[in-house]
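A.B. asks:
There are 2 protein chains.
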Amino acid sequence: MQRSKLETFLGTLEKATSLDALQQLTFALKDLYHVDHVVYHWVSADGEQYGAGTYDRLWVQRYIEKDYVRVDPVVVGCYQRFHPVDWKRLDWTTKTAKVFREDAIAHGVGNQGLSVPIRGPSGQFALFTISHSCKDDEWTSFIEDNRRDIILIAHYFNQKGLELEKSRVPAPNQSLSPREVDAMTFLAMGYSRAQVADTLAISEHTLRVYIESARHKLGALNTTHAVARAMNRGLIVV
Amino acid sequence: MQRSKLETFLGTLEKATSLDALQQLTFALKDLYHVDHVVYHWVSADGEQYGAGTYDRLWVQRYIEKDYVRVDPVVVGCYQRFHPVDWKRLDWTTKTAKVFREDAIAHGVGNQGLSVPIRGPSGQFALFTISHSCKDDEWTSFIEDNRRDIILIAHYFNQKGLELEKSRVPAPNQSLSPREVDAMTFLAMGYSRAQVADTLAISEHTLRVYIESARHKLGALNTTHAVARAMNRGLIVV
DNA sequence: TTGTGCCTCGCTATTTTGGGGGAGTTTGAT
DNA sequence: ATCAAACTCCCCCAAAATAGCGAGGCACAA
């Protein structure tokens, strides 16, 4: 029964082809699991933020205006954790957090919540949240029953989100030669040019050629930039 | 039926308290799903690697000795993706990949596999892999049936792994101050010190203080290293 | 055969970083 | 109220990285 509810939803999700569709699906999910809110919110590699969810428009706008993303204990907490986080376990004691919480509840965000942090390559970060307004024990038993469903949904939601995002930004995936990869890798490990040249047993002059050609391929302004881009594109592993 | 198999396993996993126990559980899993191998392998924030799995000891040793982690298309591919990857979809055409594959199969690694990449805060990266030796269509139907189970198991396995790792290395999760984050971010974007100082509207001398303190906090040898670490640990998003 | 890309080595001059000092204000938390 | 941490500014000088020129050999593909 639970299983088929999940299956049905994942089947629908599979067919989504736009961000609007994702938005619709958060509403479907909210009804399916009888909770107040379902929100999916992510930060792409270039730092842009996207969101899909059932929160009130006014709240979303207020959240952005007040730059609550830097205050919200849910976001701050999830950035530092791996596993899904029950809002109860977060630190709501600071002054800013208290103010935020009051404001959030006033705008219809539930007092209970579970947020699943998800990370992708190149620093993508996503948060899938279910929130509700109810007593503690009621919420605990809901979570116990649905935790696994929620994890899976978060996972597939994010997969779909990344897929849709990727289609709008086609990546020009220029690759590096083996020596260039070596060079970038050691530089990312903090070696100086002299040390890298020594490690690779080549002259420093040769090394410089690699660094410069890597810089050109990556369209980077300097070594640090090149290393950052190589890491972002998954070309080197440090 | 499927569901209860999964439930039972997750219950057992929950009780694991050591890396040895995780190792045992990979064998249990392999029998439970009737596959050749189950491997969990992760890289902690400081770059150390751990593993638990059913692979032959000789193969693991060889893998480390030959630094196959930089060649293995599974690892390279998963670093760049978010979703679980069927080995068939990876790029096995390069010369080094072909050599690696032959060596792997000779050591009993299956010809089929599914790997789930998982990322944690502070740059942890884990890979949960199921491999098997069989025909393509047989594998495809196995994956279709068990994909969701595998994702959940990967998730819980990783949660347990991080938990066990944390107990051995109390994370010095040094965070950066807002200005330090700003500095690192612009440096990662290729700006020179002068440009960053200009952008942040502070003197270059002040900027240097931030860069140096960020370097110290991150235990980095130079600016490039500091930026690489900040990116790896998810402290900056570029 | 004639590219094209990769690997290797060289020079000089200029710009950018790094390491060592010190000193004051503002802000937030206990 | 007090204390720590963050933010801001200044000096000097050595070390390292960058930019602009070169060159030749090797392998693989059109």
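Protein sequences, first through last, are from chains A and B. Numbering (the working numbering) for the first sequence: 1 to 238. Numbering (the working numbering) for the second sequence: 1001 to 1238. The C-beta atom is built at its ideal place from N, Cα and C for all residues, glycine as well. In this text the structure is predicted, and so the values were computed from the model without any measurement.
Does residue 1058 (chain B) pass the burial test, meaning 16 or more other C-beta atoms within 10 Å, or should it be called exposed?
C.D. replies: Exposed, by the Cβ-count rule.
A.B. asks: Indicate the three-state DSSP secondary structure (helix, strand or coil) for residue 1077 (chain B) in the structure shown.
C.D. replies: Helix at residue 1077 (chain B).
A.B. asks: Need the endpoints of the alpha helix (DSSP H) that residue 100 (chain A) sits in, please.
C.D. replies: Element bounds for residue 100 (chain A): 95–106.
A.B. asks: When the distance is taken between beta carbons, is residue 214 (chain A) closer than 9 Å to residue 164 (chain A)?
C.D. replies: No. Outside cutoff.
A.B. asks: Which of the three DSSP states, helix, strand or coil, is assigned to residue 87 (chain A)?
C.D. replies: Residue 87 (chain A): helix per DSSP, three-state reduction.
A.B. asks: In this structure, how does DSSP classify residue 175 (chain A) when only helix, strand and coil are distinguished?
C.D. replies: Coil, per DSSP.
A.B. asks: Within 10 angstroms of the Cβ of residue 1064 (chain B), are there 16 or more other Cβ atoms? Answer buried if so, exposed if not.
C.D. replies: So residue 1064 (chain B) ends up on the exposed side.
A.B. asks: Secondary structure at residue 1037 (chain B), three-state DSSP: helix, strand or coil?
C.D. replies: If DSSP states are grouped into helix, strand and coil, residue 1037 (chain B) belongs with the strands.
A.B. asks: Taking 6 Å as the limit between beta carbons, can you name the residues of its chain near residue 227 (chain A), skipping five residues before and five after?
C.D. replies: Only 184, 187 and 188 meet the Cβ criterion.
A.B. asks: What does residue 1222 (chain B) reach in chain A if we use C-beta pairs closer than 8 Å?
C.D. replies: Within 8 Å Cβ-Cβ: 190 and 192.
A.B. asks: Would you please state the rounded distance, in angstroms, between the beta carbons of residue 82 (chain A) and residue 1235 (chain B)? I believe it to be under 8 Å.
C.D. replies: Rounded, the Cβ-Cβ distance is 16 Å, inconsistent with contact.
A.B. asks: Using alpha carbons as the reference points, say which of B:1066, B:1146, B:1147 and B:1109 lies closest to residue 1131 (chain B).
C.D. replies: It is B:1109.
A.B. asks: Looking at the C-beta of residue 1119 (chain B), does it have a partner C-beta in chain A at a distance below 9 Å?
C.D. replies: By this cut-off, residue 1119 (chain B) is an interface position.
A.B. asks: From residue 1138 (chain B) to residue 1088 (chain B), what distance separates their C-alpha atoms?
C.D. replies: Their Cα atoms are separated by approximately 13 Å.
A.B. asks: Would you say residue 227 (chain A) reaches chain B, if we count a Cβ-Cβ gap shorter than 9 Å as a contact?
C.D. replies: Yes - at least one Cβ of chain B is within 9 Å of the one on residue 227 (chain A).
A.B. asks: So, for residue 129 (chain A): in the same chain, excluding its five sequence neighbours on each side, which residues have a beta-carbon less than 8 Å away from its beta-carbon?
C.D. replies: Around residue 129 (chain A): 37, 38, 39, 40, 41, 53, 74, 113, 114, 115 and 116.
A.B. asks: Check whether the Cβ atoms of residue 1229 (chain B) and residue 1219 (chain B) sit closer than 9 Å, and answer yes or no.
C.D. replies: Closer than 9 Å, so yes.
A.B. asks: Determine the chain A residues that contact residue 1187 (chain B) at a beta-carbon separation under 7 Å, and present them in chain order.
C.D. replies: Per Cβ cutoff of 7 Å: 224.
A.B. asks: Please list the segments of the alpha helix (DSSP H) lying wholly inside the segment 1180–1213 of chain B, counting only runs of 4 or more residues, in order along the chain.
C.D. replies: Counting only runs of 4 or more, we get 1193–1200.
A.B. asks: Taking Cβ-Cβ distances below 7 Å as the criterion, which residues of the segment 52–82 of chain A are in contact with chain B?
C.D. replies: Cβ contacts with chain B come from 79, 80, 81 and 82.
A.B. asks: Can you find a CB in chain B that lies within less than 9 Å of the CB of residue 162 (chain A)?
C.D. replies: Yes, contact with chain B.
A.B. asks: What do you get for residue 1106 (chain B), buried or exposed, if any count of 16 or more other CB atoms within 10 angstroms of its CB means buried?
C.D. replies: Residue 1106 (chain B) comes out exposed.
A.B. asks: At the level of alpha carbons, what is the spacing between residue 210 (chain A) and residue 1118 (chain B)?
C.D. replies: Approximately 32 Å, taken between the alpha carbons.
A.B. asks: Within the chosen definition, does the segment 141–148 of chain A reach the segment 1025–1035 of chain B through at least 3 CB pairs nearer than 8 Å?
C.D. replies: At 8 Å Cβ cutoff, the stretches do not touch.
A.B. asks: For residue 119 (chain A), which of helix, strand or coil comes out of DSSP?
C.D. replies: Three-state DSSP puts residue 119 (chain A) in a strand.
A.B. asks: With DSSP as the reference, label residue 1051 (chain B) as helix, strand or coil.
C.D. replies: Residue 1051 (chain B): strand per DSSP, three-state reduction.
A.B. asks: For residue 1005 (chain B), collect the residues of the same chain with a Cβ closer than 7 Å to its Cβ; drop the 5 residues on either side in sequence, then sort them by chain order.
C.D. replies: Taken in chain order, the residues that qualify are 1032.
A.B. asks: Could you tell me whether the Cβ of residue 148 (chain A) comes closer than 9 Å to any Cβ of chain B?
C.D. replies: For residue 148 (chain A), the answer is yes, since a Cβ of chain B falls inside 9 Å of its Cβ.
A.B. asks: Whose CA, out of A:90, A:60 and A:86, lies closest to the CA of residue 141 (chain A)?
C.D. replies: Comparing Cα-Cα distances from residue 141 (chain A) to each of A:90, A:60 and A:86, the minimum goes to A:86.
A.B. asks: Please report the straight-line C-alpha distance between residue 1001 (chain B) and residue 152 (chain A), rounded to a whole angstrom.
C.D. replies: Confidence at residue 1001 (chain B) is low in this model, with a pLDDT of 47, below 50, so the placement of that residue is unreliable and no value is reported for it.
A.B. asks: Have a look at B:1134, B:1158 and B:1217 and flag the residue whose alpha-carbon is nearest the alpha-carbon of residue 1014 (chain B).
C.D. replies: When each option's Cα is compared against that of residue 1014 (chain B), the closest is B:1158.
A.B. asks: May I have the straight-line CA-CA distance separating residue 1124 (chain B) from residue 201 (chain A), to the nearest angstrom?
C.D. replies: Their Cα atoms are separated by approximately 31 Å.
A.B. asks: Shorter than 9 Å from the beta carbon of residue 1151 (chain B) to some beta carbon of chain A?
C.D. replies: Closer than 9 Å: yes.
A.B. asks: If you compare alpha carbons, which of A:16, A:155 and A:222 is closest to residue 1084 (chain B)?
C.D. replies: Nearest C-alpha to residue 1084 (chain B): A:155.
A.B. asks: Expressed to the nearest angstrom, what Euclidean distance is found between the alpha-carbon atoms of residue 1092 (chain B) and residue 1056 (chain B)?
C.D. replies: If you take the alpha carbons of residue 1092 (chain B) and residue 1056 (chain B), they lie about 22 Å apart.
A.B. asks: Taking the alpha helix (DSSP H) that residue 1064 (chain B) belongs to, which residues open and close that run?
C.D. replies: Its alpha helix (DSSP H) spans residues 1057–1065.
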